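K.L.:
The numbering used here puts the first residue of the sequence shown at 215, with every later residue one more than the last.
All C-beta atoms, glycine included, are put in the ideal place defined by N, C-alpha and C.
These figures come from a predicted structure and were not determined experimentally.
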Amino acid sequence: MTRRGRRAAAAGMLAAASLAGAVPAVFAQDMHAGHAVSPEDVRPTTSTASIRVEDDPERKELAVILGPIDLPARSSHHMAQLPVQEGVIPFDLTIRGYRTHIIDGDGQPVPRVVLHHMNLLDPGRRELFLPIMLRVLAASHETRPVSFPGWLFGIPMEGGSRFLALTMLHNPTEADYEGVTVHLTLEYERLARLPVYPVAPFHLDAMYPEVSATKAWDLPPGRSVKTWDASPAIRGLIIGLGGHLHAHASRLRFENLSTGEVLYDIRPRLDEDGHVVEIPALTHRGRGVGVPVVPQHRYRITVEYRNPFDSAIEDGGMGSIAGAFIPLEDWPAADPREALFAADYAWVLRSQIEHGAVSSPGCTPCDRR
């Protein structure tokens, strides 16, 4: 490997490790979904009433601010939530990092524990392995600031394109917080020649192609396995992978069925009660910048559990993989007429409604970028 290649690979490991740290938040919304929803169950509407997008050109930071909302003490995530908010990227940029913080109406910090999860979605682009909305960023109260070398890697966003922002809050503390706002700060670059390698997030779930219900399943006693196979929409390079599992998981695997190559095969570290303590992240260490994947091949995610009890564990199983991907072709646009896309869009909005979204003026999605 050349010196430049070694530097790129090393930086790729840093980028992938940073993105892998946010993996649990990527799937947090799925863990608390309601029943299955068809597009006919809900008229898709988003809101622009509780979102602000503010640019700080000197710091090269774009703030997405959601709220305000009141958080009574000892309230669960079933409390009234903000509707899904719709914003616009003001100019072409490349995201090189992000972080979150929460403040009250007086500008005082609010404990991060109130942030169950926050997601940024791109309704104009599809996921790599499934024709649903692209999940761009995610964060929860555990998510540390994510950053990677902006000169080498970054997530491109097109000026004028729409995005959806949703957040789920709760307040397990003993204090009331009023006028709370959630701040997602995007660190960006605007130079056309940067980054050298544009990066896109991707994820797979063992419960795909189901998109409109919780991704959990009941675990029977003993060993059980769940798999899902698919092909990517475009060719590119995987530079890192991470995973999400529940208690009593024993294995998470990602492989190329067409060639037999194993891309990711880990056994999570569990505590004495079977709860997941650590899921190793994979960073590419071979030749070149990343591991090639192509649309002509089939890929499989495999999740294995070992339930030590004599009875089934309701909704005990979950298995997902998220990673960082360098596209070698133009990223495919989403097709709102696609049935899975429509179901996913409706479910994202319905998931907020079922958690008691507060009312605000809406606008119709899906018909414009």
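Since Y478 and L451 should fall inside the 8 Å C-beta cutoff, what is the C-beta to C-beta distance between them, to a whole number of angstroms?
P.N.:
At roughly 14 Å, the Cβ-Cβ gap does not stay under 8 Å, so Y478 and L451 are not in contact.
K.L.:
Based on the DSSP output, what are the partners of R340 in its beta bridges?
P.N.:
BP columns for R340 point to M347.
K.L.:
Over the uninterrupted beta strand (DSSP E) stretch that includes E372, give me the two end residues.
P.N.:
Segment: none, E372 is in no beta strand (DSSP E) and carries neither H nor E.
K.L.:
Beta strand (DSSP E) containing N470: first to last residue?
P.N.:
Taken as a continuous stretch (DSSP letters only), the beta strand (DSSP E) holding N470 covers 463 to 470.
K.L.:
Sorted by chain position, which residues of the same chain lie with C-beta nearer than 6 Å to P370's C-beta, five sequence neighbours on each side aside?
P.N.:
Cβ within range, chain order: T308, P412.
K.L.:
Could you tell me whether the Cβ atoms of P345 and D549 are closer together than 8 Å?
P.N.:
Yes. Within cutoff.
K.L.:
Output the distance between the C-alpha atoms of V439 and M532, rounded to the nearest integer angstrom.
P.N.:
Roughly 11 Å between the two C-alpha positions.
K.L.:
Is the segment 462 to 474 in contact with the segment 558 to 567, if contact means three or more CB pairs nearer than 8 Å?
P.N.:
Not touching, per the Cβ criterion.
K.L.:
Can you check whether the CB of V328 is closer than 8 Å to the CB of I317?
P.N.:
Their beta carbons are not under 8 Å apart, which means I317 does not touch V328 by this criterion.
K.L.:
Apply the 10 Å Cβ neighbour rule to L471 and answer buried if 16 or more other Cβ atoms are within range, or exposed otherwise.
P.N.:
That one is exposed.
K.L.:
Should V302 be labelled buried (16 or more other beta-carbon atoms within 10 Å of its own) or exposed?
P.N.:
Counting Cβ neighbours within 10 Å, V302 comes out exposed, since fewer than 16 surround it.
K.L.:
According to DSSP, which residues form a beta bridge with T214?
P.N.:
Here the chain comprises residues numbered 215 to 583, so residue 214 is not present and cannot be evaluated.
K.L.:
What does DSSP give as the partner residue(s) for L398 in the beta ladder?
P.N.:
L398 is bridged to V278, T314.
K.L.:
Look at the Cβ atom of I448, then the Cβ atom of P541, and state whether they are nearer than 8 Å.
P.N.:
Taking 8 Å as the Cβ cut-off, I448 and P541 qualify as a contacting pair.
K.L.:
In terms of alpha-carbon separation, which member of A536, R310, R512 lies closest to R273?
P.N.:
The candidate whose alpha carbon is nearest that of R273 is R310.
K.L.:
Between the beta-carbon of F160 and the beta-carbon of L342, is there less than 8 Å?
P.N.:
This structure does not reach residue 160, given that the chain is present from 215 up to 583, and the question cannot be answered.
K.L.:
So, do the segment 401 to 415 and the segment 517 to 524 have three or more beta carbon pairs nearer to each other than 8 Å?
P.N.:
Verdict: no, contact absent.
K.L.:
Indicate the three-state DSSP secondary structure (helix, strand or coil) for A560 in the structure shown.
P.N.:
Three-state DSSP puts A560 in a helix.
K.L.:
Cα separation between D270 and L398?
P.N.:
Looking at the two C-alpha atoms, the distance is approximately 13 Å.
K.L.:
Is the separation between the beta-carbon of S354 and that of H384 shorter than 8 Å?
P.N.:
Contact: no.
K.L.:
Can you tell me whether DSSP reads L408 as helix, strand or coil?
P.N.:
Coil, per DSSP.
K.L.:
Quick check: L378 and L335, are their CB atoms within less than 8 Å of each other?
P.N.:
Result yes, Cβ atoms of L378 and L335 sit closer than 8 Å.
K.L.:
Per DSSP, what are the beta-bridge partners of A352 in this structure?
P.N.:
Bridge partners of A352: N333.
K.L.:
Give the single residue among G393, H511, I527 whose Cα lies nearest to the Cα of Q295.
P.N.:
Of the listed residues, the one whose Cα sits closest to Q295 is G393.
K.L.:
Alpha carbon to alpha carbon, how far is G436 from T314?
P.N.:
When rounded, the distance between both Cα atoms is 40 Å.
K.L.:
Can you give me the Cβ contacts of R266 inside the same chain, cut-off strictly under 7 Å, excluding the 5 residues immediately before and after it?
P.N.:
Around R266: I279.
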